[in-house]
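What follows is a short report on a single structure.
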Amino acid sequence: MPVAGIRPGTPEQPADLVVRNAKVFTNDPRRPQATALAIRDGVIRAVGEDADIVPLVGPGTRVVDALGRRVVPGLNDAHLHVIRGGLNYVMELRWDGVRSLRRALAMLREQAERTPAGQWVRVVGGWSADQFAERRLPTLAELNAAAPDTPVFVLHLYQSALLNKAALRAAGFTRDTPDPAGGQIVRGHDGEPTGLLIAAPGALLLYSTLAKAPTLDEADKVDSTRHFLRELNRFGLTSAIDAAGGFQSFPENYGTVMELARRGELTLRIAYHLFPQTAGQELDDLKRWIDTVRPGEGDEWLRLNGAGENLTWAAADFENFTEPRPQLGAYEGEFEKAVRMLMEHGWGFRLHATYDGTIRRDLAVFEKLAAEGLFPQGNRWLFDHAETVSADSLDRIAALGGAVSVQNRLSFQGEAFVNRYGAPAAAEAPPLRAMLDRGLTVAGGTDATRVSSYNPWVALHWLVSGRAISGRRLAAEHNRLDRARALELFTLGGARLTGEQDVKGRLTVGSYADLAVLDADYFTVEEADIAHIESVLTVVGGRIVHAAAEHQGLAADLPAVSPDWSPVARFGGYQATPAPGLAGAQQADLVREAAAASDEQHAWRLARGRAVPGQNAAPQDPCFF
Ligand SMILES: [Zn+2]
213 MPVAGIRPGT
223 PEQPADLVVR
233 NAKVFTNDPR
243 RPQATALAIR
253 DGVIRAVGED
263 ADIVPLVGPG
273 TRVVDALGRR
283 VVPGLNDAHL
293 HVIRGGLNYV
303 MELRWDGVRS
313 LRRALAMLRE
323 QAERTPAGQW
333 VRVVGGWSAD
343 QFAERRLPTL
353 AELNAAAPDT
363 PVFVLHLYQS
373 ALLNKAALRA
383 AGFTRDTPDP
393 AGGQIVRGHD
403 GEPTGLLIAA
413 PGALLLYSTL
423 AKAPTLDEAD
433 KVDSTRHFLR
443 ELNRFGLTSA
453 IDAAGGFQSF
463 PENYGTVMEL
473 ARRGELTLRI
483 AYHLFPQTAG
493 QELDDLKRWI
503 DTVRPGEGDE
513 WLRLNGAGEN
523 LTWAAADFEN
533 FTEPRPQLGA
543 YEGEFEKAVR
553 MLMEHGWGFR
563 LHATYDGTIR
573 RDLAVFEKLA
583 AEGLFPQGNR
593 WLFDHAETVS
603 ADSLDRIAAL
613 GGAVSVQNRL
623 SFQGEAFVNR
633 YGAPAAAEAP
643 PLRAMLDRGL
653 TVAGGTDATR
663 VSSYNPWVAL
673 HWLVSGRAIS
683 GRRLAAEHNR
693 LDRARALELF
703 TLGGARLTGE
713 QDVKGRLTVG
723 SYADLAVLDA
733 DYFTVEEADI
743 AHIESVLTVV
753 GGRIVHAAAE
763 HQGLAADLPA
773 VSPDWSPVAR
783 FGGYQATPAP
793 GLAGAQQADL
803 VREAAAASDE
813 QHAWRLARGR
823 AVPGQNAAPQ
833 DPCFF
């Protein structure tokens, strides 16, 4: 019987899954385009035209007709706090993608009403005031009005947190609570905390306040992570490199993803890093890990990839662009010990560094070790962020065999960056062209979930257009990437950071069967529409993990979101809006709104005896008499 236009034969090794009638971008210069792929045992077995794949179709082969859609290699977010994000996802109200503060506050109000006593409403990153039509943050009065009794915590980047009165009470802030180092609890004339917390410039105050909210029990953490990974699959993401983070301790907070890996229930491949949590004890932590685990341990689904993105706390320069660049103390002593220990034991690392000033100091330490023949010793290492890295530092990074991982933090913080450092500095932040010209490995990521959104297409749009979510063009022309290059940063780039460039990031025979069928053609849509792309079919290791539109039903359902008051159960994650270039979608939206408005008017007139029931027309309107 013909299956989607292909008659099955009796091949010796039939494919499990075939995708045909597609515009496949393979990322392979030897064969850049194809229309079909055949997959068996999680690996791509053939790439070619539909006719080439036919001999691999057997009676048990699932054949997917891509309806001429664009297929790309699965995306790889090289800097995502995916493990922590998963543990918290179903407890968070995500404002990612919301285009007006009015809508954001309506969501918050509704969520406050459906949140049980003892729980909090948390809006924890993935948005900034720049995305709202109103171009402003909510006021504390608005938060208190929206949620009079339920604690509300709203994190705005790593700049500030807004707490309503109930959250101030729940967190125990009073007039007597002292400001912690690097943070400010803003007080009113009466000396009482107002609810505004400022990272000045460290984000620890914001983090530690959020840590006072209740956490999920173990079973819900597992489900929360599964839902978060599926939400990432929705955008065609199939791999991520976890950057660890504050309050993410090893091994305690890694148990959930390890359990999912054991069960074979991960739908995203994760390479993870280990990040010392306590200032003053970093070397002890690193020593303990070196004694118990090794980079490379795990498998292609979950693997340890080294240390970082912090190695020692004193070396971390927080990127609060509304505050002056932090003045770091003398951190080199402990930092050198940490790097030396890692190198001697075959541990690569990633290192958070926002500003060139920090990068220069780090490089001086690496060069000193290199002079002793101790760096990098064949270990993979990279800088994360590097918004203001100089040409000279890039030369030094290249000389030491380092890589760079860039994120679209300026999508969300671009206005703040421009206000402090000026448009010319923003045009070079980060200097992508200078990185690529030196042949450096550059990987793309988001830095979600507490700064940027986890939607990789917002980051790809930033790489291509150079625009922030406010619409302002930040990047200089030479720092804007063509679409293929931007996609390479989000596919092969990440694969190179984990040493998987031979099996990931391209759709070639022998590669992992990780791919996405997109709802719009990334290569031809209007530039502004790139940020609105989603996947209609995401495949990881040959398994369909996300299916929408014409493929709905092909991915196994997840258990319902638990707890039932979860904001995700009501609102989902990223809030999609119509792509601006799709005039049809916009038109449909306007018509829908107009129809709703006219229904409302009709009901209003009916209630006042000015309309005939069942006849939604204007003649009864007094204006027409
Ligand atoms: Zn970082």
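Last residue of the sequence shown: 837 (the working numbering), numbering continuous. Heads up, the beta-carbon is just placed ideally off N, CA and C, and yes, glycines get one too. It should be emphasised that the depicted structure is a prediction, and the values quoted were computed from it without experimental measurement.
Review point. Cβ-heavy atom distance between His557 and ligand 1 below 7 Å?
Key: It does not: the Cβ of His557 is nowhere closer than 7 Å to a heavy atom of ligand 1.
Exercise for review: Locate the beta strand (DSSP E) running through Asn517, then write down its first and last residues.
Suggested key: Counting along the chain, the unbroken beta strand (DSSP E) around Asn517 starts and ends at Leu514 to Ala519.
Say whether the stretch 687 to 706 touches the stretch 763 to 770, bearing in mind that this needs 3 or more beta-carbon pairs closer than 8 Å, one atom from each stretch.
Contact between the stretch 687 to 706 and the stretch 763 to 770 is absent, because fewer than three Cβ pairs lie under 8 Å.
* Go through the stretch 558 to 644 residue by residue and report every complete run of the alpha helix (DSSP H) that reaches 4 residues or more, in order. => Complete alpha helix (DSSP H) runs here, min 4: 568 to 583, 603 to 611, 621 to 633 and 635 to 638.
Review point. Can you tell me whether Arg347 is buried or exposed, with buried defined as 16 or more other CB within 10 angstroms of its CB?
Key: Counting every other CB atom within 10 Å of its CB across the protein chains shown gives Arg347 a total below 16, marking it as exposed.
(message) Does Asp833 come out as helix, strand or coil in the three-state DSSP assignment?
(response) Unreliable placement is indicated for Asp833, whose pLDDT of 36 sits below 50; no coordinate value is reported for it.
| query | What are the boundary residues of the beta strand (DSSP E) that includes His690? | reply | Neither: His690 is in no beta strand (DSSP E) and is coded neither H nor E.
* To do: Tell me whether Glu712 is buried or exposed, calling it buried when 16 or more other Cβ atoms sit within 10 Å of its Cβ.
  => By the neighbour-count rule (16 or more Cβ atoms within 10 Å), Glu712 is buried.
Helix, strand or coil at Asn667 according to DSSP, with G and I counted as helix: Note: Asn667 maps to coil in three-state DSSP.
Next on the checklist: Let me confirm a value: Leu704 is counted as buried when at least 16 other C-beta atoms fall within 10 Å, else exposed. Which label applies?
Outcome noted: By the neighbour-count rule (16 or more Cβ atoms within 10 Å), Leu704 is buried.
message = Tell me which residues share the same chain as Thr238 and place their Cβ nearer than 8 Å to its Cβ, disregarding the 5 neighbours each side in the sequence.
response = Result list for Thr238: Pro244, Gln245, Ala246, Val259, Pro285, Arg718, Leu719 and Thr720, in chain order.
Q) Beta carbon of Glu535, beta carbon of Thr566: below 8 Å? A) No, they are not a contact pair.
Which one of Gly270, Arg552, Gly626 and Asn631 has the shortest CA to CA distance from Ala227?
Taking each of Gly270, Arg552, Gly626 and Asn631 in turn and checking the Cα distance to Ala227, the smallest one comes out for Gly270.
- Query: Can you round the beta-carbon distance between Ala740 and Gly793 to whole angstroms, since I take them to be within the 8 Å contact cut?
  - Reply: Yes, Ala740 and Gly793 are in contact; Cβ-Cβ is about 6 Å, under 8 Å.
> For the putative contact between Phe595 and Gly614, defined by C-beta atoms under 8 Å, what is the C-beta separation to the nearest angstrom?
Replying inline: At roughly 6 Å, the Cβ-Cβ gap stays under 8 Å, so Phe595 and Gly614 are in contact.
| Among residues of its own chain, excluding the 5 on either side of Arg632, which ones have a beta-carbon nearer than 6 Å to its beta-carbon? | Here the set comprises Phe533.
- Message: Within a Cβ cutoff of 7 Å, which residues of the same chain sit near Leu313, ignoring the five residues on either side of it in sequence?
- Response: The beta carbon of Leu313 is closer than 7 Å to those of Phe344, Glu346, Arg348 and Pro350 in its chain, skipping five residues each way along the sequence.
task: For Arg438, name the three-state secondary structure that DSSP assigns.
output: When DSSP states are grouped into helix, strand and coil, Arg438 belongs to the helix group.
(request) If I'm right that Asp308 touches Gly785 with Cβ under 8 Å, what's the distance once you round it to whole angstroms? (result) Contact flag correct, Cβ pair sits at about 7 Å.
Check your understanding: Ends of the alpha helix (DSSP H) at Gly298?
Key -> Unbroken alpha helix (DSSP H) run through Gly298: Val294 to Asn300.
**Request:** Please report how far the alpha carbon of Tyr466 lies from the alpha carbon of Ala423, in whole angstroms.
**Result:** Rounded to whole angstroms, Tyr466 and Ala423 show a C-alpha spacing of 17 Å.
Quiz item: Are the stretch 580 to 597 and the stretch 606 to 626 touching by the rule of at least three beta carbon pairs closer than 8 Å?
Solution: Judged by Cβ distances under 8 Å, the stretch 580 to 597 makes contact with the stretch 606 to 626, as three or more pairs qualify.
* Alpha carbon to alpha carbon, how far is Ala610 from Ala646? Give it in angstroms, no decimals. => In a straight line, the C-alpha of Ala646 is about 11 Å away from that of Ala610.
Unbroken stretches of the beta strand (DSSP E), 3 residues or longer, contained in the stretch 243 to 323:
Taking 3 residues as the minimum length, the beta strand (DSSP E) runs contained wholly in the stretch 243 to 323 are 248 to 252, 255 to 260, 274 to 277, 282 to 285 and 287 to 292, in order along the chain.
task = Pair every Cβ in the stretch 724 to 733 with every Cβ in the stretch 741 to 752, then say whether three or more of these pairs are closer than 8 Å.
result = Taking a cut-off of 8 Å on C-beta distances, the stretch 724 to 733 touches the stretch 741 to 752, as three or more cross pairs fall below it.
Own chain partners of Lys433 with C-beta closer than 6 Å, once the 5 adjacent residues on each side are dropped: So the qualifying residues of the chain are Leu299 and Thr468.
Checklist entry - Closest by CA to Leu229, which one among Ala412, His439, Ala278 and Leu523? => result In terms of Cα proximity to Leu229, the closest of Ala412, His439, Ala278 and Leu523 is Ala278.
- Measuring CA to CA, which of Leu418, Pro360 and Ala358 is closest to Phe385? The shortest C-alpha separation from Phe385 is found at Leu418.
### Query
Roughly how many whole angstroms lie between the Cα atoms of Ala248 and Arg242?
Per the coordinates, the alpha-carbon of Ala248 lies some 16 Å from the alpha-carbon of Arg242.
Give me the residue from Thr504, Ala483, Asp240 and Ala542 with the minimum Cα distance to Gly520. Residue Ala483 is the option with its Cα nearest to Gly520.
Between the alpha carbons of Val236 and Ser677, how many angstroms are there, rounded? Between Val236 and Ser677, the C-alpha separation is close to 23 Å.
Opening and closing residue of the beta strand (DSSP E) in which Gly395 lies: Residues Gly395 to Arg399.
Excluding sequence positions up to five away, which residues of its chain have a Cβ less than 8 Å from the Cβ of Gly272? So the list reads Pro226 and Asp228, once near-sequence residues are dropped.
Glu544 vs Val577 beta-carbon contact at 8 Å: Against a cut-off of 8 Å, the Cβ pair of Val577 and Glu544 comes out as a contact.
State yes or no: is the C-beta of Glu627 within less than 8 Å of the C-beta of Asp342? Cβ distance < 8 Å, so Glu627 and Asp342 count as in contact.
Report yes if the C-beta distance between Thr789 and Gly338 is below 8 Å; otherwise report no. The Cβ atoms of Thr789 and Gly338 do not sit closer than 8 Å to each other.
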